[in-house]
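Asker: By the working numbering, the letter at position 140 of the sequence shown is numbered 130, and the numbering carries on one by one without gaps.
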Amino acid sequence: MFRRVITNSEADCKPSPSMEEILREEIARCGPLPCARFMELALYHPEHGYYERNRAAVGQRGDFYTSVSVGELFGQLLAFQFAEWLTELGTRNAERGMADAPLQVVEAGAHDGQLAEDILLWLRKRRPDLMDRVEYWILDPSERRQEWQRGRLSMFGSRVRWFANWGEVQQAGGVTGVIFANELLDAFPVHRLAWSAAEQRWFEWGVRSMGERFIWTRLPELHANVAALAQPSAALGNLDEALRESSWASLAPVLPDGFILELAPFAELWWNIAAQSLRAGKLLTFDYGHTTGEVINPTKPAGTLRAYRDHQLVDDILAAPGTQDITAHVSFAVITHAGERAGLATTELTEQSRFLTRIAQRTMQQPAAFGEWTRERGRQFQTLAHPDHLGRSFSALLQERA
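#1: Given this structure, state the Cα-to-Cα distance separating Arg114 from Phe28, to the nearest angstrom.
#2: Just curious, the alpha helix (DSSP H) that Thr115 is in, first and last residue?
#3: Which one of Arg116, Ala309 and Gly293 has the shortest CA to CA distance from Arg299?
#4: Please tell me whether Val168 and Cys25 are closer than 8 Å, where the distance is taken between their beta carbons.
#5: Could you say which of Asp119, Leu93, Met88 and Trp127 lies nearest to Glu107 if we only look at CA atoms?
#6: Got a sec? Which residues, its chain only, sit under 6 Å from Thr207 by beta carbon, not counting five neighbours each side?
#7: What ranges does the alpha helix (DSSP H) occupy inside the segment 266 to 351, keeping only unbroken runs of at least 4 residues that lie completely in it?
#8: Just mark Glu15 as buried or exposed, buried being the case when its beta carbon has 16 or more other beta carbons within 10 Å.
#9: Can you give me the Cβ contacts of Pro243 inside the same chain, cut-off strictly under 8 Å, excluding the 5 residues immediately before and after it?
#10: Which residue's Cα is closest to the Cα of Gln160: Met354, Leu143 and Gln94?
#11: With three or more C-beta pairs closer than 8 Å as the rule, is the segment 327 to 347 touching the segment 287 to 301?
#12: Among the residues of its own chain, which have a CB less than 8 Å from the CB of Val60, if the five just before and after it don't count?
#13: Trp206 bridges to which residues according to DSSP?
#14: Across the segment 318 to 338 and the segment 269 to 287, are there enough close Cβ pairs to call them in contact, namely three or more that are closer than 8 Å?
#15: When we look at the beta-carbon of Thr364 and count the other beta-carbons within 10 Å, is it buried (16 or more) or exposed?
#16: Is it true that the CB of Leu13 sits closer than 8 Å to the CB of Leu33?
#17: Just confirm the distance between the C-beta atoms of Ala328 and Trp261, as a whole number of angstroms; I'd bet it's less than 8 Å.
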């Protein structure tokens, strides 16, 4: 989803090197890699990247569990909500003499297409009137993942279209409807900065090789993406309005030595371009994340970068690249500000449990429209919304352009 610098010709070189060999070769050529570059290669390399080679990464047999893994209810609830929003947009279009104007639902990062299938099946069964007017667009730069998705969604024919980047979406006229992502932003590469109390400045952790292992090493200077933080007056300027006038000098006394700050400029840029691509409608994401107060919390100095395999936290984030998921919490303050810079209004930032519960309550008031709440649906909802399951783990950020 972010700007990739790997070319297909590089991926097609024979003989094919392993992920470890690719990383070691780049380190030998360029020196230690920023954490963001290590993540980019380990997760998205066209041949050996974790998300490229592992279709079964999600679910009980994979390395992590998402709302989609719970069952079809998550997609059905989203479809019900999307239908309400799209109906409102359709009404506005009709009032402007554009009753036949198409509407779009854009899913970014659809992995194997399971969520898209759940949404489209519900729309086809429950809202055929809307289904005839809605175009389902999938944004995914990976040809391999697009192949997985095309196989699953072939029953919907030309109703589904694929785009590799936001430029293609904008060339198609932009989006009037809904753009959404589920657990996408937390997989964007992050720069890993640390505070030096002695030097009163930030430095950046990178990755180098030592024998057969990859280890953390201090980079000689900050990467250009985050170099502005080297200035003492640059005080998390885009993280939160309350911090915009402060300075690192005021934060230094409370930051412990080695305090980790993770910055995701790719995710911020991606969200800003998504917002620019939205002509009218909603921009929604579900993800792990935190507010500014949680980002700059001296009692939590270690950051949120994690690796997972077989639903277990992995001790060594840098071990076996390409075979384990690497993730970091989303800074919702950064993402919110990126959307607002593009002219969007922030509707809400809330726990997934609250967001889904409100939708579920409306479906119960409209059983003919949504269908019966079976025992299985109730079980799935408990997993999605209960605080001890996924309800509190994930947050929902909703922005809009009228």
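For each residue, glycine too, the CB sits at the ideal point set by N, CA and C.
What you are looking at is a predicted structure, and each value in this text was computed from that prediction instead of being measured.
Answerer: Working from what's here:
#1: Walking along the sequence shown from the start, residue 114 turns up at place 124. Walking along the sequence shown from the start, residue 28 turns up at place 38. Rounded to whole angstroms, Arg114 to Phe28 spans 42 Å at the Cα level.
#2: If you number the sequence shown from 1, residue 115 lands on position 125. Sequence check: residue 115 is Lys here, not Thr. Segment Gln104 to Arg116, the alpha helix (DSSP H) holding Lys115.
#3: Position 309 of the sequence shown, counting from 1, holds the residue named residue 299. The shortest Cα separation from Arg299 among Arg116, Ala309 and Gly293 belongs to Ala309.
#4: Mapped onto the sequence shown, residue 168 falls at position 178. Mapped onto the sequence shown, residue 25 falls at position 35. With respect to Cys25, Val168 sits apart: the two C-beta atoms are not nearer than 8 Å.
#5: Taking the sequence shown and counting its residues from 1, one reaches residue 107 at position 117. The shortest C-alpha separation from Glu107 is found at Trp127.
#6: As a first step, residue 207 must be located in the sequence shown, where it is residue number 217. The residues are Pro22, Gly196 and Arg198.
#7: Restricting attention to alpha helix (DSSP H) runs no shorter than 4 residues, the segment 266 to 351 encloses them at 282 to 285 and 322 to 331, ordered along the chain.
#8: Walking along the sequence shown from the start, residue 15 turns up at place 25. Under this definition Glu15 is an exposed residue.
#9: Counted from its first residue, the sequence shown places residue 243 at position 253. Here the set comprises nothing.
#10: Within the sequence shown, residue 160 is the residue found at index 170, counting from 1. When each option's Cα is compared against that of Gln160, the closest is Gln94.
#11: No: the two stretches stay apart, fewer than three of their Cβ pairs being nearer than 8 Å.
#12: Here residue 60 refers to the residue found at position 70 when the sequence shown is read from its first residue. The answer, listed in chain order, is Gln370, Thr373, Leu374 and Leu380.
#13: As a working note, residue 206 is residue 216 in the sequence shown. The partner list for Trp206 (beta bridge, DSSP) reads Val197.
#14: Flag = yes, the segment 318 to 338 and the segment 269 to 287 touch.
#15: On the sequence shown, position 374 is the one that residue 364 refers to. Exposed.
#16: Indexing the sequence shown from 1 puts residue 33 at position 43. Indexing the sequence shown from 1 puts residue 13 at position 23. The Cβ-Cβ distance between Leu33 and Leu13 does not fall below 8 Å.
#17: For the purposes of this step, residue 328 is taken as residue 338 along the sequence shown, with counting starting at 1. For the purposes of this step, residue 261 is taken as residue 271 along the sequence shown, with counting starting at 1. Correct: roughly 5 Å between the Cβ atoms.
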